[in-house]
Amino acid sequence: GIQVEQSPPDLILQEGANSTLRCNFSDSVNNLQWFHQNPWGQLINLFYIPSGTKQNGRLSATTVATERYSLLYISSSQTTDSGVYFCAGRPSGTYKYIFGTGTRLKVLA
Amino acid sequence: DAGVIQSPRHEVTEMGQEVTLRCKPISGHDYLFWYRQTMMRGLELLIYFNNNVPIDDSGMPEDRFSAKMPNASFSTLKIQPSEPRDSAVYFCASSFGTNRDLAGELFFGEGSRLTVL
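Just so you know, the sequences run in chain order A and B.
Each residue of the first sequence is one higher than the one before, starting from 658 at the first, in this note's numbering.
Each residue of the second sequence is one higher than the one before, starting from 2 at the first, in this note's numbering.
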């Protein structure tokens with residue numbers, strides 16, 4: 658089956674710093690999404706980004722579907738950005754969304 | 002608009018007891034998913050439904066697990082009998098897809114944290 662690799666697995670930032678999280682797929686996927694799991698365990702939708710670039714405030718994401726990767730950019734990080742960031746996608750013809758193992762981010766005040 | 006609603010939020014039970022988790026998808030969504038999250042295995046897809054019909058249950062760990070979707074607004078995941086290794090957070094998610102290649106965005110409920118003693 659398709660493998661989803663996220664890097665880095667862990668990241669510690671000082672408040673105000675910028676970061677880039679990466680998601681690699683071993684094969685083509687559709688409907689790539691980024692989620693933030695906050696410290697309370699809620700899975701929050703960040704981006705639905707099958708291809709191209711989107712921005713939402715301090716966050717932006719880019720998916721290059723032909724090269725099977727996606728990037729999530731966090732600028733001017735805040736302590737509330739702490740948590741785990743997951744990417745997910747599904748192979749064509751199936752609804753079986755596959756999740757990466759996540760990047761655990763901690764932002765220090 | 003109401004999101005995906007799950008209940009209970011927390012469940013503590015003893016080994017051997019029956020556990021029923023409930024989910025109400027977002028109105029109008031035609032796909033419903035049950036995921037399980039553990040530290041060891043991450044987020045695993047257990048089963049998903051399309052228009053109330055189970056499509057793929059290959060992720061259901063064993064016969065102790067069953068899921069139903071009697072109508073478009075309600076689904077249950079049942080574990081009978083429960084075991085300590087079933088302790089996890091169980092998430093329900095829904096999406097709207099006009100067809101398989103136009104799948105919609107996935108939205109999650111807040112999860113049900115199950116502890117089996």
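For glycine and all other residues, C-beta sits at the position ideal for the given N, C-alpha and C.
query: Could you check what DSSP says for residue 737/A in three-state terms: helix, strand or coil?; result: helix
query: Within 10 angstroms of the Cβ of residue 102/B, are there 16 or more other Cβ atoms? Answer buried if so, exposed if not.; result: The predicted model places residue 102/B with a pLDDT of 49, which falls under 50 and marks its position as unreliable; any figure quoted below should be read in that light. Classification for residue 102/B: exposed.
query: Does any C-beta atom of chain A lie closer than 8 Å to the C-beta of residue 29/B?; result: no
query: Within 10 angstroms of its Cβ, does residue 760/A collect 16 or more other Cβ (buried), or is it exposed?; result: buried
query: Please report how far the alpha carbon of residue 682/A lies from the alpha carbon of residue 45/B, in whole angstroms.; result: 17 Å
query: If we define contact as Cβ-Cβ less than 8 Å, is residue 22/B a contact residue for chain A?; result: no
query: Could you name the residues that DSSP lists as bridge partners for residue 693/A?; result: 701/A, 742/A
query: Mapping DSSP to helix, strand and coil, what is residue 758/A?; result: coil
query: Mapping DSSP to helix, strand and coil, what is residue 71/B?; result: strand
query: Straight-line CA distance for residue 63/B to residue 658/A?; result: 20 Å
query: Pull the bridge partners of residue 764/A from the DSSP assignment, please.; result: 670/A
query: For residue 695/A and residue 727/A, I'd like the C-alpha separation in whole angstroms.; result: 21 Å
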